[in-house]
């Protein structure tokens, strides 16, 4: 869309923040960031800064492309520096950010800066003294996004729970935590168990452990879209699953009807008969392949 169509852009930003975008969010946000960076102190750049500010929490929760988030954070920082240096000439009252607490209110600021016929309104809304704090807020939010959403939580403390005295995986407590994952929203204890399992796979877990660990990772990776799982966690899942041997997908197995009807769940505990063939090498390879395909586009370009 034409970013200089300020009423149209304001409507698109409000719709996007509500979760119903018409344009492609990544493409639109990329253009907004580029236009902020190109002229952060100019009239259009200021309107684009307002658009970026209005979108900051959408970016936090919905944009999984680290490169794009980094570029947007850098654009906000550039605007912050330029607007702070420009300062406020005085003689007007700035709009109250509290009046822009919902998507429509935030988007309306774009129109006030770029599309209003009222010179006094434009002067106050587009004042560097008004916009510099918004740029600071945007830059801070997006830097927090990079540190919080693009890293996986530490799990070393879980070694005491998930490792036996001789260094093997203690599957009973691990599977017990995985079984907490019952609904579409992620259970954090189950997620930590899956993250630990992913790191165990990457560390070269013994072959006997790998099928259960792979299923553990798949179980939580399945919920990434529903729960807006942090991209750093999904990236770790994918890295771990890529180490699993998928060659058995092309081999035969005793389960003539295949495994498509076997619902993904926490793996069976050691000592419990695997009546459904959940740990069949072919089934595990199929599940890993499917999960890598399912999450392939999650992290953006």
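Residue numbers (the UniProt record's numbering): 1 to 301.
Glycine included, C-beta positions come from ideal geometry on N, C-alpha and C.
Backbone secondary structure at residue i - three-state DSSP
i: residue 301; result: Here residue 301 scores only 47 on pLDDT, less than 50, and its place in the model should not be relied on; the value that follows carries that caveat. Looking at residue 301 - three-state DSSP - the assignment turns out to be coil, as it is neither helix nor strand.
i: residue 163; result: strand
i: residue 284; result: helix
i: residue 1; result: coil
i: residue 295; result: coil
i: residue 231; result: helix
i: residue 237; result: helix
i: residue 289; result: helix
i: residue 152; result: coil
i: residue 274; result: coil
i: residue 49; result: helix
i: residue 252; result: coil
i: residue 130; result: helix
i: residue 146; result: helix
i: residue 259; result: coil
i: residue 279; result: coil
i: residue 269; result: coil
i: residue 21; result: coil
i: residue 41; result: coil
i: residue 158; result: helix
Residue i, buried or exposed, once every other Cβ within 10 Å from all chains shown has been counted against 16
i: residue 160; result: exposed
i: residue 186; result: buried
i: residue 65; result: buried
i: residue 272; result: exposed
i: residue 202; result: exposed
i: residue 226; result: exposed
i: residue 200; result: buried
i: residue 184; result: exposed
i: residue 302; result: With the chain represented from 1 up to 301, any question about residue 302 goes unanswered, as that position is not in the structure.
i: residue 90; result: exposed
i: residue 103; result: buried
i: residue 157; result: exposed
i: residue 40; result: buried
i: residue 237; result: buried
i: residue 169; result: buried
Host alpha helix (DSSP H) of residue i (start-end)
i: residue 242; result: No alpha helix (DSSP H) contains residue 242, which DSSP labels as neither H nor E.
i: residue 14; result: 6-17
i: residue 33; result: 25-38
Cβ shell of residue i (< 6 Å), same chain only, five flanking positions each side left out
i: residue 145; result: 60, 69
i: residue 62; result: none
i: residue 228; result: 61
Close-in-space but distant-in-sequence residues of the same chain around residue i (CB under 7 Å, 5 per side omitted)
i: residue 46; result: 113, 126, 131
i: residue 190; result: 177, 178, 180, 181, 220
i: residue 48; result: 3, 32, 35, 36
i: residue 175; result: 266, 267, 269
i: residue 280; result: 253, 255, 259
i: residue 88; result: 127, 128, 129
Residue-level contact to chain C via CB, residue i, 8 Å cutoff
i: residue 84; result: Here chain C cannot be found, since the structure has a single protein chain.
Same chain, Cβ closer than 8 Å to residue i, five either side skipped, listed in chain order
i: residue 110; result: 6, 9, 10, 13, 47, 50, 51, 54
i: residue 289; result: 246, 249
i: residue 78; result: 36, 37, 40
Counting only runs of 4+ residues fully inside the stretch 59-127, write out the alpha helix (DSSP H) ranges in chain order.
The DSSP assignment places 66-86, 103-114, 119-125 as complete runs of the alpha helix (DSSP H) inside the stretch 59-127, in order along the chain (cut-off: 4 residues).
Fully enclosed by the stretch 167-228, which alpha helix (DSSP H) runs are 4 residues long or longer?
Secondary structure in the stretch 167-228: the alpha helix (DSSP H) runs of 4 residues or longer, each lying completely within the stretch, are 171-178, 188-202, 210-221, 224-227 in chain order.
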